[in-house]
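See below for the structure under consideration.
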Amino acid sequence: MKLSRRSFLRVAGITGSMAVAAKAAPAQAASPFETPGADEVSMLVDTTLCLGCRGCEAACAEANKLPDPPADEGVFDEPRKTSTTALTVVTRFANPRDEKDPRYVKRQCMHCVEPACASACPVRALDKLPFGPVTYHPERCMGCRYCMVACPFEVPKYEYEKALPTVKKCTFCAARQEKGLLPACASVCPSGALKFGKRGELVAEARRRVYGNPDKYVQHVYGEHEAGGTNWLYISDVDFAKLDMKVTVNDASYPQLVKGVLGVPPFVMTLWPPLLMGLYAFSHRRDEVSSHTGGEHGSKGEGSHE
Amino acid sequence: MNSHATTAPRSWFKENILLGMNPTDYVKSLLTPFNAVCAFICMVGVPLLVYRFYAGLGATTNLSQTQPWGLWIGFDMMTGIALAAGGFTIGAAVEIFNLKEYHAIERPAILTGFLGYLIAVVGLIADLGKPWNMVGIFTYNGTRSVLFEVAWCVACYTTVLFLEFAVPMFEWLGLKRFYQPLRKALLALTVLSVMFSTMHQSALGSLFIIAPGKLYPLWWSQWIYAFFFITAIVAGISMVIVESAISHKVFHSQFEGRHVDASALTLGLGKAGAVVLFAYFFLKLQGVIDAHAWGYVKGFLGAWWLVEMLGFILLPALLYAYGARNRNVTVVRVAAAIAVVGIVVNRLNVSIVAWDYGNPNHYVPSWMEIWVSLTLVTLGVLAFRWIVNRMPVLHEPADLATAEH
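Heads up: the sequence lines are chains A and B, in that order.
Reading the first sequence from the start, the letters are residues 2 to 307 in our numbering.
Reading the second sequence from the start, the letters are residues 10 to 414 in our numbering.
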């Protein structure tokens with residue numbers, strides 16, 4: 002009996018906390034007509050305009066004091082991913098419409114409006130600046146790599162080979178932007194494939210281009226809703242899945258996924274101690290009663306002696 | 010006078026450290042095959058741990074950019090902390106729910122808990138790139154992170170476990186001034202241990218909620234924190250059964266002259282284990298129904314999920330129920346052993362096997378990762394043995410025993 006009562010209380014406790022979590026679940030985002038992060042800095046990538054010159058790669062390497070990217074065109078033969086020494090890479094994809102006109106896609110951190118990595122970082126080594134970029138403080142980082150677990154785009158890269166490793170990812174050249182300069186990649190792009198601006202304006206621009214040219218563009222702005230909205234937006238005339246873009250990413254913001262469970266600790270901390278003390282009092286009451294009646298018997302016995 | 014002053018501490022040392030033997034006899038008593046195996050494991054493992062800090066994680070582990078967490082998190086941290094849940098489970102049963110019959114196993118459960126958390130923390134330190142920056146969790150307020158909650162709770166609860174463990178330690182040292190107040194604080198410490206455990210045992214599961222696309226849908230669930238908390242209770246109960254079975258064999262002399270009805274305790278725990286495991290089994294089913302994930306019961310991971318569900322959850326639940334009902338201690342112990350393996354399997358599935366499931370070059374731990382984990386477990390077992398052979402853990406100190414009976 003005792004054990005089943007205990008089990009019952011455990012189960013009751015858990016279901017209770019589930020209910021709390023469910024209740025605390027997100028009442029998400031404002032009106033559908035408002036663009037989240039409209040005032041944040043943003044970049045629109047029009048893959049139909051990219052020439053594959055990789056000037057952005059070189060400029061990025063220079064700005065971040067990283068080794069020069071490989072010079073020869075052979076890098077396009079194998080699909081590449083960003084790494085600790087290349088924070089942006091351009092990859093070539095076949096164009097199903099025209100084999101002679103391949104598509105090039107630049108990749109880097111997406112700079113989410115609500116970044117999963119920054120929300121996951123317990124020491125705020127990854128942190129979002131108010132004007133948009135998600136930046137990194139190496140002096141705070143303990144190297145737990147939870148950012149890498151959390152990021153749906155697999156952007157943060159870790160220097161496993163180093164004894165004192167840090168996380169590497171594109172910072173949207175936040176330091177350059179604070180000085181009024183363009184991000185290094187955008188400052189050298191010769192083709193207009195990269196357009197820098199405010200997110201609200203660039204979302205509108207992307208929609209204009211895409212929905213105004215339904216014969217040309219895939220009818221989707223990648224990054225408008227992905228992961229709750231990203232500050233890097235992509236438009237294309239080739240299916241995004243064929244460009245190896247992560248098309249299974251949730252539309253809802255990732256930090257919102259854990260908002261419910263993070264609401265539980267205050268309840269546990271305030272409700273558990275009194276509840277447990279109440280159970281303590283309850284479970285010890287029987288002992289008290291039995292010892293009390295035992296005491297009465299004793300005193301009666303003594304009384305009769307007199 | 011002089012001779013008295015020098016012999017007194019030496020005899021204390023002899024009695025309490027060398028177990029009443031001369032130094033030479035003591036060293037001879039250590040020369041056993043079991044100790045030889047342990048020494049071999051540690052002689053390789055401890056230098057490996059040092060080498061990891063010199064050469065980095067890349068040289069010692071098979072971690073990659075898509076598998077940032079490997080065996081040291083999946084086994085040492087995730088599994089170690091789950092298996093150490095006996096400390097708060099039995100503590101709550103005795104101190105809060107007044108189930109006095111479990112008093113005899115409270116101290117070993119707390120010791121296992123404390124050592125389990127120490128192993129987890131050492132494993133974590135090995136895994137972190139710059140472990141000294143851990144202090145940042147106290148200063149940078151990363152309150153939107155589940156890991157922030159885990160880190161705080163583990164730090165606080167390890168402290169609580171140390172204070173609980175300090176009671177037998179100070180009794181051993183004869184420091185009444187220290188153990189007396191701690192004994193009185195045991196109820197408060199137990200309340201804290203339940204509070205912190207509720208939060209971080211579940212939060213270890215919540216860590217994965219933010220990564221729905223990377224964990225195979227049969228394991229990813231928005232209720233994963235409830236699964237982790239319930240399995241922590243299962244692990245706590247099952248570990249206590251397994252451990253008391255082993256303790257009764259290995260430390261037999263310590264139980265002499267005292268009446269502890271181990272069979273009744275085991276059967277009672279088995280009954281509790283059956284209830285919790287059945288609840289867990291059906292909650293897991295509910296999780297799959299809720300996520301509309303039945304379509305994922307296919308291929309290797311689908312089959313492996315069925316093995317976990319049927320072989321490591323339903324089977325021990327049935328065995329627990331059968332053993333408790335038919336008063337068969339052996340069956341309950343077998344169930345407990347299967348359940349413990351099941352918890353290990355579950356934590357490894359969530360953090361390693363079903364993680365990054367789309368990647369054809371899936372992570373397999375390096376021999377060095379396995380060896381370091383093995384070393385930490387070995388050190389834990391050795392520490393447990395060293396402590397219970399000296400401190401009043403498996404048996405109560407004389408003053409408490411007379412006061413209560």
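Using N, Cα and C, we set each Cβ at its ideal position, and we do this for glycine too.
As the structure is a computational prediction, the values presented were derived from the model and not from experiment.
So Val124/A and Met143/A are in contact, right, with Cβ under 8 angstroms, and what is the actual spacing, rounded? Separation of the CB atoms of Val124/A and Met143/A is rounded to 6 angstroms, and the pair is thereby assigned contact status at 8 angstroms.
Check your understanding: Would Ile105/B count as contacting chain A if we go by Cβ distances under 7 angstroms?
Key -> The beta carbon of Ile105/B falls within 7 angstroms of a beta carbon belonging to chain A, placing the residue at that interface.
- [ ] Step through the CB atoms of chain A and report whether any lies within less than 7 angstroms of the CB of Met248/B.
- [x] It does not: the Cβ of Met248/B has no partner Cβ on chain A nearer than 7 angstroms.
**Asked** For Trp273/A, which of helix, strand or coil comes out of DSSP?
**Response** Note: Trp273/A maps to helix in three-state DSSP.
C-alpha gap between Val36/B and Leu170/B, whole angstroms
Roughly 31 angstroms between the two C-alpha positions.
Handout entry: Residue-chain proximity (Leu127/A, chain B), Cβ-Cβ < 7 angstroms
Key = At a cut-off of 7 angstroms, the C-beta of Leu127/A has no neighbouring C-beta in chain B.
Practice problem: Mind reading off the beta-carbon distance from Phe173/A to Pro134/A? Whole number of angstroms is fine, and I expect it under 8 angstroms. | Solution: Their Cβ separation, rounded to whole angstroms, is 4 angstroms, which keeps Phe173/A and Pro134/A in contact under 8 angstroms.
* Asked: Should Leu66/B and Leu72/B be called a contact, given that it needs their Cβ atoms to be closer than 7 angstroms?
  -> In this structure, Leu66/B lies near Leu72/B, with their beta-carbon atoms less than 7 angstroms apart.
What residues are listed by DSSP as bridge partners for Trp21/B?
-> DSSP output for Trp21/B lists no bridge partner at all.
Report yes if the C-beta distance between Tyr289/B and Ile239/B is below 7 angstroms; otherwise report no.
Yes.
Using 10 angstroms around the beta-carbon of Tyr372/B, count the other beta-carbons present and answer buried if the total reaches 16, otherwise exposed. Counting Cβ neighbours within 10 Å, Tyr372/B comes out buried, since at least 16 surround it.
DSSP three-state label for Trp232/B, please. Of the three classes helix, strand and coil, the one that applies to Trp232/B here is coil, per DSSP.
**Q.** Residues of its chain near Gly54/B, where Cβ-Cβ distance is below 6 angstroms and the 5 sequence neighbours each way are ignored
**A.** A distance below 6 angstroms between beta-carbons, with the five flanking residues on each side excluded, links Gly54/B to the following residues of its chain, in chain order: Trp380, Val381 and Thr384.
- prompt: Which residue or residues does DSSP assign as beta-bridge partners of Asp47/A?
  reply: Asp47/A is bridged to Ile236/A.
Problem set entry | Contact between the region 36–51 of chain A and the region 71–88 of chain A (3+ Cβ pairs under 8 angstroms) | With fewer than three CB-CB distances shorter than 8 angstroms, the region 36–51 of chain A does not count as touching the region 71–88 of chain A.
Notebook entry, point to check: From Asn335/B to Leu286/B, what distance separates their C-alpha atoms?
Noted result: In a straight line, the C-alpha of Asn335/B is about 18 angstroms away from that of Leu286/B.
Quiz item: Of the residues that make up the region 227–258 of chain A, which ones have a beta carbon closer than 9 angstroms to any beta carbon in chain B?
Solution: Closer than 9 angstroms at the C-beta level to chain B, one finds these residues of the region 227–258 of chain A: Lys247, Thr249, Val250, Asn251, Tyr255, Pro256 and Leu258.
In whole angstroms, give me the CA-to-CA distance for Val90/A and Ser375/B.
Roughly 30 angstroms separates the two Cα atoms.
Label Arg287/A either buried or exposed according to how many other C-beta atoms from any shown protein chain fall within 10 Å of its C-beta, with 16 as the threshold for buried. With fewer than 16 Cβ atoms within 10 Å of its Cβ, Arg287/A is classed as exposed.
Q) Whose C-alpha, out of Leu328/B, Ile255/B, Gly311/B and Arg116/B, is nearest the C-alpha of Leu276/B? A) Checking every option, the nearest Cα to that of Leu276/B belongs to Leu328/B.
* Starting from the C-beta of Gly213/A, find all residues in its chain whose C-beta is less than 7 angstroms away, skip the five residues before and the five after it, and write them out in chain order. => Once the five neighbours on either side are set aside, Gly213/A has no close Cβ partner at all.
message: Which residue wins for smallest C-alpha separation from Ala346/B, given the options Val200/B, Ala302/B, Glu252/B and Leu274/B?
response: The shortest C-alpha separation from Ala346/B is found at Glu252/B.
*Are the CB atoms of Gly145/B and Arg141/A nearer to each other than 7 angstroms?*
For Gly145/B and Arg141/A, yes; Cβs fall inside 7 angstroms.
Item to check | Helix, strand or coil at Tyr372/B [DSSP, three-state] | outcome: Three-state result, Tyr372/B: coil.
Thr207/B, enclosing alpha helix (DSSP H) - first and last residue: DSSP places Thr207/B inside the alpha helix (DSSP H), whose first and last residues are Leu195 to Ser215.
Give the single residue among Ala283/B, Val390/B, Pro221/B and Ile250/B whose Cα lies nearest to the Cα of Leu127/B. Nearest neighbour of Leu127/B by Cα position, chosen from Ala283/B, Val390/B, Pro221/B and Ile250/B, turns out to be Val390/B.
Measuring only the C-alpha atoms, how far is Arg186/B from Leu324/B?
A direct Cα-Cα distance of roughly 49 angstroms separates Arg186/B from Leu324/B.
Check your understanding: What residue does the alpha helix (DSSP H) around Tyr111/B start on, and which one ends it?
Key -> Membership of Tyr111/B in any alpha helix (DSSP H) is not indicated, and neither H nor E is assigned to it by DSSP.
Point to revise | Contact with chain B by Cys145/A, beta-carbon distance below 7 angstroms | key: Cys145/A counts as touching chain B.
| Can you name the residues of chain B whose CB is closer than 7 angstroms to the CB of Met270/A? | Here the neighbours are Met204.
| Do we get a CB-CB distance below 7 angstroms when we pair Met10/B with the residues of chain A? | Below a pLDDT of 50, predicted positions are generally treated as unreliable, and Met10/B, at 42, falls in that range; no measurement from the model is reported.
- prompt: Should Ser292/A be flagged as near chain B, meaning a C-beta pair shorter than 7 angstroms?
  reply: Ser292/A does not count as touching chain B.
*Within the 7 angstroms Cβ cut-off, does Met377/B reach chain A?*
For Met377/B, not one C-beta of chain A is nearer than 7 angstroms to its own C-beta.
- request: Locate the beta strand (DSSP E) running through Val90/A, then write down its first and last residues.
  value: Residue range Val90 to Phe94 is occupied by the beta strand (DSSP E) that includes Val90/A.
inquiry  = Give me the DSSP bridge partner(s) of Tyr159/A.
reply    = Paired residue(s): Val168/A.
Exercise for review: At 4 residues or longer, and completely inside the region 28–103 of chain B: list those alpha helix (DSSP H) runs for me, N to C.
Suggested key: Listed in chain order, they are 32–38, 42–64, 66–69, 89–92 and 95–100.
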